[in-house]
Amino acid sequence: MDVMKSRYLGIGVAVAHGVFSGSLNILLKFLISNYHFNYLTLIQLLTSSTAALTLELLRRLGKVNVPPFSVQLSKEFGPVCILSTLQSTLTLWSLRGLSLPMYVVFKRCLPLFTLSIGVCVLRNGVPSVGVAIAVIITTGGAALAGAGDLTGDPFGYVTGVLAVIIHALYLVVIQKTSLDSEYGPLTAQYSIAIMASPVRNLNTFPFTAAYPEIL
Numbered sequence: 686m687d688v689m690k691s692r693y694l695g696i697g698v699a700v701a702h703g704v705f706s707g708s709l710n711i712l713l714k715f716l717i718s719n720y721h722f723n724y725l726t727l728i729q730l731l732t733s734s735t736a737a738l739t740l741e742l743l744r745r746l747g748k749v750n751v752p753p754f755s756v757q758l759s760k761e762f763g764p765v766c767i768l769s770t771l772q773s774t775l776t777l778w779s780l781r782g783l784s785l786p787m788y789v790v791f792k793r794c795l796p797l798f799t800l801s802i803g804v805c806v807l808r809n810g811v812p813s814v815g816v817a818i819a820v821i822i823t824t825g826g827a828a829l830a831g832a833g834d835l836t837g838d839p840f841g842y843v844t845g846v847l848a849v850i851i852h853a854l855y856l857v858v859i860q861k862t863s864l865d866s867e868y869g870p871l872t873a874q875y876s877i878a879i880m881a882s883p884v885r886n887l888n889t890f891p892f893t894a895a896y897p898e899i900l
């Protein structure tokens, strides 16, 4: 019974992630393309602040088992926070220069980069033959789908590739950090959200004012 409950929970989380992630990408592209919304780091600030406040509220209510934020947590997950912030920044930049279908093609290449980096970094990181074949087929299909749409901004393609690489590195590093430390993935997300919020807050308006041509 517990196994089935855990499996259904995992499926539910995966579906929810797909729905919310896809909806967010569509909304961001709509804001950037139709309304020329330039304050992209403001979006990052709102995202991380919402996550931090939500997890803090759930922690205080006893709904999630995460420790209070501390210096120790900042030391454990500081490097992961840097990768997370860089990845989200590159993602927003690539959305500005790429069409949404082309952006999705780039994201479909994420499993290949994640597996490749994981083999080098993680213990027992070598995937099974079935997983490797599935990832190669998915990546190959994405490459074929995007071969006919090469008319976007070159800056968008560069940031798109970098965003995928950094995202893959982030996923591998956060997995390794969670395995090597006494904290779980939820504590990692909680720490990252809290640490990222002030960083993005400090850079939101000065950055967009100083570099409007980039944003």
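In this text, residue positions in the sequence shown follow my numbering: the first is 686, and each later residue adds one.
Glycine included, each C-beta is placed from N, C-alpha and C at the ideal position.
Grab the span of the alpha helix (DSSP H) containing GLU761 for me, first residue to last. 756-782
Compute the Euclidean distance between the alpha carbons of ASN888 and PRO870, then round it to the nearest angstrom. Note that ASN888 scores a pLDDT of 45, beneath 50, so its modelled location is shaky; the value from the coordinates is reported in the next line. For ASN888 and PRO870, the distance between alpha carbons rounds to 27 Å.
TYR875 vs VAL751 beta-carbon contact at 7 Å: yes
Check the C-beta distance from VAL790 over to ALA830 and give it rounded, since I have them as a contact under 8 Å. 6 Å
Nearest to LEU758 by alpha carbon, out of SER882, THR844, TYR868? TYR868
Terminal residues of the alpha helix (DSSP H) in which PHE749 lies: Before going further, note that residue 749 is Val rather than Phe in the sequence given. Premise fails: VAL749 is in no alpha helix (DSSP H) and is neither H nor E.
For GLY869, which of helix, strand or coil comes out of DSSP? coil
Can we say the segment 807-818 touches the segment 843-854, given the rule of at least three CB pairs closer than 8 Å? Per the Cβ contact rule, the segment 807-818 is not in contact with the segment 843-854 (fewer than 3 Cβ pairs under 8 Å).
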